[in-house]
Every structure is written in C-alpha cells, then in structure tokens.
Amino acid sequence: MEKQFLIAGFGGQGVLLIGQLIAKAAMRQGSEVSWMPSYGPEMRGGEANCAVVVSDEAIGSPLVSEPPVLVAMNKPSLDKFMPKMAVGGTLLYNSSLISDPELRDDVKVIAVPCNEIADRLKNNRVSNMVMLGAIQAATDMTTDENLEGTLREWLGESKAAMLAINMQAIAEGRKLV
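Going left to right, the sequence shown walks through residues 3 to 179 as the numbering used here numbers them.
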C-alpha cells in the first residue's frame, strides 16, 4: 500500500521538517520512503513544500502530482495545490492563517488552528508539530510510540529538552481529528 503526502507553506513554518519526520517514522517501521523538498531561494517567507511517498514496495516515482493528502500551512499553498488534490483525499489546513477558504466538497477537510494552539502552549515554534499530530490522526501514518521515538532521534541529546513541548503539541493536534 502506498501513501502520498504534499506538505506546503512558507519557508520557516517547518513544512520540510513535517515531511522529514513522516518519512523517518515510516523508515523506522520498515517502509520504503521518498522525500522530495522544493523551496525558493529565500531563507524564510518564500514558498516551501515537500512530497513524501511511503510504501511497502519499491517507489516508482517521488512525484506527487495528485496528492491524496494535502497539508496547507498558508493560503498561497492552499490556492496552489488544492485544485490538484485527488478526489476523496484529505485536506488539512492551518486555520490560524487561512480564514474563510473556498474549499472543495469532494475531499475531507480538517481545519487545524496551528498557531493558536502553539500560542496557548507558549511556543510559536511548535505550530508544525500541532499539524503533524493532526496528520498522524487523520492518516494513521504511524503509532504514537514510533512518532515519539522518531522525534527523540531527530532532536538528539543536544535538544532533548524540547521533546516534551513537541510531544504536547503533537498530542494537541491529534485531538482535533
């Protein structure tokens, strides 16, 4: 079985990290994985997106042209990629930055107030982890334990103190689905 994700937003929102963590969690489970980033020359504020393909067989192409799962962290990304979504797919969008969007009625839509939750947790840098939790719950991409182990490995010893707030943000995102 193959799962495809397209995660998009502004540079600096952590969209590439969301994709990396999905890919690493899948690799820890023994899946085949591709992760393909795309971003502009700007360090922050430019467009950034990544395609992630997870499969139990060899992956023929890393391209995701009709994403069954689209994650839009900002309005320009929603406007650009929503028309390309697969019918019956799942759209998760950051409702903190996208208000009153024109949405399709042939996809499942999940509004995730990433920034509000991150603000409530008193750490605006975890808005992407809120979205990751919502993605996990919506797609059943991995277990809670595997995701925590993946995050622990990514943070390493030098950033181990950040594990608790990141896991709290992921848990808050899960609750929304």
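Idealized CB from N, CA, C, for every residue including glycine.
Remember, it's a predicted structure, so these values are computed and weren't measured experimentally.
Is it right to say residue i is buried, meaning 16 or more other beta carbons lie within 10 angstroms of its own, or is it exposed?
i: G175; result: buried
i: A53; result: buried
i: N126; result: exposed
i: P85; result: exposed
i: P43; result: exposed
i: V66; result: buried
i: G16; result: buried
i: S33; result: buried
i: M87; result: buried
i: G91; result: buried
i: V56; result: buried
i: L26; result: Looking at the sequence itself, residue 26 is Lys, so the reference to Leu does not match. So K26 ends up on the buried side.
What residues are listed by DSSP as bridge partners for residue i?
i: T92; result: V71, K110
i: A10; result: N51, A74
i: K5; result: V56
List the whole-angstrom C-beta distance separating residue i from residue j, where the pair is believed to meet the contact cut-off of C-beta under 8 Å.
i: N51; j: I9; result: 6 Å
i: Q31; j: T141; result: Not a contact, Cβ separation roughly 13 Å.
i: I24; j: F7; result: 6 Å
i: V109; j: L93; result: 5 Å
i: V179; j: A136; result: 5 Å
Between residue i and chain C, is the shortest Cβ-Cβ distance under 8 Å, so that the two count as touching?
i: C116; result: Of the protein chains in the structure, only one exists, and it is not chain C.
Threshold first: 3 residues or longer. Then list the beta strand (DSSP E) segments lying entirely within the segment 31-83, N to C. 34-41, 49-57, 71-74
Assess, as a yes-or-no matter, whether the segment 160-179 is touched by the segment 126-133 under the definition of 3 or more beta carbon pairs within less than 8 Å. yes
Which ranges would you report for the alpha helix (DSSP H) in the segment 108-170 if only whole runs of at least 4 residues count? 116-122, 129-141, 146-157
Inter-stretch contact (C-beta, 8 Å, three-pair minimum) for the segment 14-32 and the segment 56-76: Yes: at least three Cβ pairs fall under 8 Å.
Between the segment 92-102 and the segment 114-123, do three or more beta carbon pairs fall short of 8 Å? yes
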